[in-house]
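First comes the structure, then the notes that go with it.
In the working numbering, the protein residues as written are 2 to 423.
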């Protein structure tokens, strides 16, 4: 047997080490790529189902299409949404990890055709898809999961939605369940609310809000009276709280209706006002008590009134500046308070008041001063006849021009010209 050459052995070992390292690096790259792919698919799934919950997706989509697009395993059968409402101070990511562990502890992924936990608007949602013969067992496991959740998690409330057989119905189910999330602000025994329990209450009471509340709020906000706007909203909230009674969904429906009214009052308004409404929505979703909800509504009404007042003042100031500029350039033409107020779409008396407030002069005084200064310049620097000067300064009647000029300057136009040329 030929002796092994030490150098040759070292070369073989080194080559093998290189192959192994290259193979390990390739496996590492493949694992990283696989992890990135799975993260991307998780993000796409979360975006798709969030859009479906918000009504932004095609509601006629089939489970086959969803499976192809999102690499999932939905089957014809039943779907159910479970909403998990954490306390505002909860660590959502940690809680989400606990939810995933608990799902496996109760073998829900084994029993379901497909199961998807995801975070949506600071809530953890669980979408279950299962076959007919699994219905009873799934219901039992979900109830046990809710009742046996880790003791260290505080404030978690489970809302079990109704079954639906079409994935596109998820939008409708989300709208139905949305008011129920405010159940967390009501003092109720237990932390699991099944669809049967919620359905037993029937329809929520009507007339939750005072009649014509939208008009009342709009008028209060535009009145520039922040105290009145706050009172209107506070009274409406009190009326709604009393009318909602013990129905699980009615209080939430009242809140959402008030949010909608305040949102509509900001439609077509500048970004500042729309931002106030957006902040209100976020604050309400994070509120920890009914009193805090009331304070958020009152604060929003106050801020809308103040912002609207500032906006009106800016609009009025702009209108006055625009008319002043118009007068400065067109003083020789026919100009009246009525015509100018119509140009800026304001009542004549109201425009007269804001014009005086912004300029310190009445509309007539300002127009007269501009025309008189123009007449003085023409008399000093040109040889136009007095009648021509009057016409160029906006006066068709020379005698009237002379009277106004003498009242404004203290001497007649001819005397002024003579004095300026001496």
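Each residue gets a CB set at the ideal place from its N, CA and C atoms; glycine is no exception.
(message) In whole angstroms, give me the CA-to-CA distance for residue 295 and residue 229.
(response) Taking the straight line joining both Cα atoms gives about 15 Å.
(request) Select from 236, 249, 309 and 242 the residue whose C-alpha is nearest the C-alpha of residue 201. (result) Among 236, 249, 309 and 242, the Cα nearest to that of residue 201 belongs to 249.
(request) Could you name each continuous alpha helix (DSSP H) segment of 4 residues or more that falls completely within the stretch 264-302, going from the start of the chain to the end? (result) 272-287
(request) Can you have a look at residue 395 and say buried or exposed, based on whether 16 or more other CB atoms are within 10 angstroms of its CB? (result) Residue 395 counts as buried, since no fewer than 16 other beta carbons sit within 10 angstroms of its beta carbon.
(request) Could you tell me the distance, in whole angstroms, from the CA atom of residue 420 to the CA atom of residue 352? (result) 39 Å
(request) Give a yes or no on whether the C-beta atoms belonging to residue 242 and residue 255 are separated by under 9 Å. (result) Between residue 242 and residue 255, the gap from beta carbon to beta carbon is short of 9 Å.
(request) Helix, strand or coil for residue 420, going by three-state DSSP, please let me know. (result) Residue 420: helix per DSSP, three-state reduction.
(request) Tell me residue 194's beta-bridge partners as DSSP assigns them. (result) 160
(request) Specify the secondary structure class of residue 124 as computed by DSSP and reduced to three states. (result) strand
(message) Assuming the contact rule is C-beta atoms closer than 8 Å, residue 139 and residue 126 should be a hit. Round their C-beta distance to whole Å, please.
(response) Actually they are not in contact, since the Cβ atoms of residue 139 and residue 126 sit about 16 Å apart, beyond 8 Å.
(message) Would residue 414 and residue 368 qualify as a contact pair, given that the criterion is a beta-carbon distance under 9 Å?
(response) no
(message) Quick check: residue 344 and residue 328, are their CB atoms within less than 9 Å of each other?
(response) no
(request) Taking all protein chains shown into account, decide if residue 191 is buried (16 or more other Cβ within 10 angstroms of its Cβ) or exposed. (result) At residue 191 the pLDDT is 49, less than 50, meaning the model places this residue with poor confidence; the figure from the coordinates comes in the next sentence. So residue 191 counts as exposed.
(message) Using 9 Å as the threshold, is the C-beta distance between residue 117 and residue 159 below it?
(response) no
(request) State the Cα-Cα distance for the pair residue 372 and residue 308, rounded to the nearest angstrom. (result) 37 Å
(message) By DSSP's criteria, residue 86 is part of a beta bridge. Which residues make up the other side?
(response) 158
(message) Please report the straight-line C-alpha distance between residue 290 and residue 299, rounded to a whole angstrom.
(response) Roughly 15 Å between the two C-alpha positions.
(message) DSSP three-state label for residue 316, please.
(response) helix
(request) Could you tell me which residues DSSP pairs with residue 129 in its beta bridges? (result) Its beta-bridge partners are 81 and 116.
(message) Quick test of the definition: if touching needs 3 or more C-beta pairs under 8 Å, does the stretch 163-181 touch the stretch 61-69?
(response) yes
(request) Please work out which residues of its chain come closer than 6 Å, Cβ to Cβ, to residue 418, disregarding the five sequence neighbours upstream and downstream, and give them in chain order. (result) Within the same chain, 380 come within 6 Å of residue 418 by CB-CB distance, once the 5 residues on both sides are set aside.
(request) To the nearest angstrom, report how far apart residue 46 and residue 67 are at their CA atoms. (result) Taking the straight line from one Cα to the other gives about 9 Å.
(request) Report, in whole angstroms, the separation of the C-beta atoms of residue 332 and residue 375, which I expect to be a contact under 8 Å. (result) 6 Å
(request) Grab me the residues of residue 122's own chain with a C-beta within less than 7 Å of its C-beta, minus the 5 sequence neighbours each way, in chain order. (result) 286
(request) State buried or exposed for residue 234, treating a residue as buried only when at least 16 other CB atoms are found within 10 Å of its CB. (result) buried
(request) Measure the alpha-carbon distance for residue 152 versus residue 96 and round it to whole angstroms. (result) For residue 152, the predicted structure reports a pLDDT of 48, less than 50, and the residue's modelled location is therefore unreliable. A value from the coordinates is still provided. The alpha-carbon atoms of residue 152 and residue 96 are separated by roughly 12 Å.
(request) Classify residue 301 as buried or exposed, calling it buried when 16 or more other Cβ atoms lie within 10 Å of its own Cβ. (result) buried
(message) Could you compute how far the alpha carbon of residue 276 sits from the alpha carbon of residue 304?
(response) 11 Å
(request) Verify whether the separation of the beta carbon atoms of residue 194 and residue 186 is less than 9 Å. (result) no
(request) Could you tell me the distance, in whole angstroms, from the CA atom of residue 18 to the CA atom of residue 35? (result) Near 25 Å, if we compare the C-alpha coordinates of residue 35 and residue 18.
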